[in-house]
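For the sequence shown, this note's numbering gives the first residue as 15, with consecutive numbering after it.
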Amino acid sequence: HIRFTEKPLCRLQIVYFTVYANGFHFQVFKLLLSREYSQQFHEEMQEKWWKSHYNQTEWMKGRTLTAVDRYRLRKKFPAPRTIWDGDEKSYCFKGKSRNCLKDFYETNQYPSPAEKQDLADKSGLTVTQVSNWFKNRRQRDRMTAKQMCGSLQSREFNRYTD
């Protein structure tokens, strides 16, 4: 026996599971857009948003979605502000995590294992993710420097040949 005197979110969860289980994806979208949800539920609600889009598209296409299909759907139908804190994810890291890593990178491009662990704790990432971020950032910086150097050499060459 379900009592509807409980928190509104509990009632919404019941409604969500009912409409989701019956394949009424537009109702799921409407439900998730209907009100602001507490930030503690954003991750759960985003998962519902994506699963509904995935299931609807699989039904329309008549096949299982690939990772690329799911990526494209996430880009085409971003989570609404009602279930998203607005912190952009870029390459799977939230802005706060990236900013933490960028700030440290400005002072030290080669963190020690202890510093990596500290950064992982502060940013909510794993030590491996932190290590890879630094490795990739150093590589991007090297590539940018090479491109700039090549561009300058090209301009100098053009200046003397024109």
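A virtual CB, placed ideally from N, CA and C, is assigned to each residue, including glycine.
Can you look up residue i in the DSSP assignment and give me helix, strand or coil?
| i | result |
| --- | --- |
| residue 91 | coil |
| residue 156 | helix |
| residue 80 | coil |
| residue 129 | helix |
| residue 119 | helix |
| residue 9 | Nothing can be reported for residue 9: it is not among the residues displayed for the chain, which extend from 15 to 176. |
| residue 124 | coil |
Shortest alpha-carbon distance to residue i belongs to which of the options?
| i | options | result |
| --- | --- | --- |
| residue 137 | 111, 116, 158 and 64 | 111 |
| residue 150 | 119, 72 and 109 | 119 |
| residue 55 | 121, 98 and 156 | 98 |
| residue 92 | 158, 122, 65 and 140 | 65 |
| residue 108 | 49, 161, 57 and 48 | 57 |
| residue 71 | 59, 61 and 84 | 84 |
| residue 89 | 78, 68 and 49 | 68 |
| residue 116 | 155, 78 and 87 | 155 |
| residue 48 | 94, 76 and 87 | 94 |
Is it buried or exposed, residue i, if we count other Cβ atoms within 10 angstroms and call 16 or more buried?
| i | result |
| --- | --- |
| residue 114 | buried |
| residue 82 | exposed |
| residue 147 | buried |
| residue 59 | buried |
| residue 160 | exposed |
Do residue i and residue j have their CB atoms nearer than 7 Å?
| i | j | result |
| --- | --- | --- |
| residue 144 | residue 134 | yes |
| residue 96 | residue 51 | yes |
| residue 152 | residue 131 | no |
| residue 45 | residue 63 | no |
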